[in-house]
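Trainee: Counting from 56, one number per residue, gives the positions in the sequence shown under the numbering used here. Glycine is no exception: its CB is placed at the ideal position from the N, C-alpha and C atoms. No experiment lies behind these values; they were computed from the predicted model shown.
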Amino acid sequence: MKGQEHVILLNEKGEPIGTAEKYAVHTAHTPLHLAFSCWIFNNEGQVLITRRSLGKKAWPGVWTNSVCGHPQQNESFEQAIIRRCRFEVGAELTDITPVYPEFRYCETDASGIVENEVCPVYAAKLTNAITLNPDEVMDSRWVSLDALFRALAATPWVFSPWMVLQYSSQEARDKLVRFGPSPLPSP
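1. I'd like to know whether the C-beta atoms of F142 and E191 end up nearer to each other than 9 Å.
2. Counting C-beta neighbours from all protein chains within 10 Å, is the total for S241 16 or more, i.e. buried, or is it exposed?
3. Roughly how many angstroms separate the alpha carbons of E70 and P156, rounded to a whole number?
4. According to the neighbour-count rule (16 or more other Cβ atoms, all chains shown, within 10 Å of its Cβ), is G124 buried or exposed?
5. DSSP three-state call for I168: helix, strand or coil?
6. So the candidates are G167, R106, S223 and K111; which of them puts its Cα closest to the Cα of N120?
7. With H, G and I counted as helix, E and B as strand and the rest as coil, what does DSSP make of W217?
8. With 16 other CB atoms within 10 Å as the buried threshold, where does E170 fall?
9. Which same chain residues, not among the five before or five after M56, have their C-beta less than 6 Å away from its C-beta?
10. Check whether the region 174-186 touches the region 86-102, taking contact to mean three or more Cβ pairs, one atom from each stretch, closer than 8 Å.
11. By the 10 Å Cβ neighbour count, where 16 or more other Cβ atoms means buried, how is P189 classified, buried or exposed?
12. Report the residue from H81, L87, R228 and A184 whose alpha carbon sits nearest the alpha carbon of K68.
13. On the DSSP bridge assignment, give the partners of Y177 in chain order.
14. S241 by DSSP, collapsed to three states: which one?
Structure follows, in C-alpha cells:
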C-alpha cells in the first residue's frame, strides 16, 4: 500500500487543508495530519497488541495498540478503521466506539522520523480469527487490559509513544475498561 494512500493535512486548528502521499510525508518534518488508533478486543475481553514490522518507516519493531492508520478523503473513521484492520491483521469488527476522540501527539522515533497527528482513538470488538500481514505486523499478543496497563506503567519504552500517551489519559483508560474486559459467559 506504500504510495497508494495519502494523509489528510491539517492546520493547527485541526481543519483539513490538503493531502499528501502517506509514505513521502513521514519525514523529520512531518506536517500535522489526520490519523486514528484502534484497540481491538476479543470475546474473552483481551486486547490485541501488535509489534510493528521491521519494514515500517517509523517505529519498526515497536509494540503498539492493535492497528493505526490514516483515513482517506471522503472516508469516515469507521470506514478507515474497517479497511485498515482488515489489511493489517485480517480483522472483522463490530462496536467501533470512540474512547479518546481528542487525542493529538507529536513524537520522533530513533531514526528522526516524526509522527505529528490528530489521532482519535477507538475500541472495537473482533468477530473472527486474525491473520497478520507481515508487511505491517511482525508479531501480536492477546493480553488482559490490566496486564497491559501494568506493562505500560512499568516499561513505557517498550511501546509506541502514542500508545503510552493514550494510556496516560484516565478518561481513555476508563472507557477502555468499560468497553473491553467483560468476557462472554462460558456455556
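Mentor: Well, looking at it:
1. Translated into positions along the sequence shown, residue 142 becomes position 87. Translated into positions along the sequence shown, residue 191 becomes position 136. A contact, by the Cβ cut-off of 9 Å.
2. The residue labelled residue 241 in the question sits at position 186 within the sequence shown. Low confidence applies here, because S241 scores a pLDDT of 46, under 50, leaving its location unreliable; read the following figure in that light. Taking a 10 Å sphere around the C-beta of S241, we find fewer than 16 other C-beta atoms and assign the residue as exposed.
3. Counting from 1 along the sequence shown, the entry for residue 70 is found at position 15. Counting from 1 along the sequence shown, the entry for residue 156 is found at position 101. Between the alpha carbons of E70 and P156 lies a gap of roughly 15 Å.
4. Reading the sequence shown from its first residue, position 69 is the one you call residue 124. So G124 counts as buried.
5. Within the sequence shown, the letter at position 113 stands for residue 168. Coil, per DSSP.
6. For the purposes of this step, residue 120 is taken as residue 65 along the sequence shown, with counting starting at 1. N120 has its Cα closest to that of R106, out of G167, R106, S223 and K111.
7. Along the sequence shown, read from residue 1 onward, the residue named residue 217 stands at position 162. Per DSSP, reduced to three states, the secondary structure at W217 is helical.
8. Locating residue 170 in the sequence shown gives position 115, counting from the first residue. Answer is buried; the Cβ neighbour count reaches 16.
9. Working through the sequence shown from its first residue, we reach residue 56 at position 1. Low confidence applies here, because M56 scores a pLDDT of 41, under 50, leaving its location unreliable and the question unanswered by this model.
10. yes
11. Here residue 189 refers to the residue found at position 134 of the sequence shown. Flag for P189 reads exposed.
12. Locating residue 68 in the sequence shown gives position 13, counting from the first residue. Ranking the options by Cα distance to K68, first place goes to L87.
13. The residue labelled residue 177 in the question sits at position 122 within the sequence shown. According to DSSP, Y177 bridges with C93 and P153.
14. The residue you call residue 241 lines up with position 186 of the sequence shown. In this prediction, S241 has a pLDDT of 46, which is less than 50 and means its spatial position is unreliable; what the coordinates show is noted afterwards. In the structure shown, S241 sits in coil (DSSP, three-state: anything other than H, G, I, E or B).
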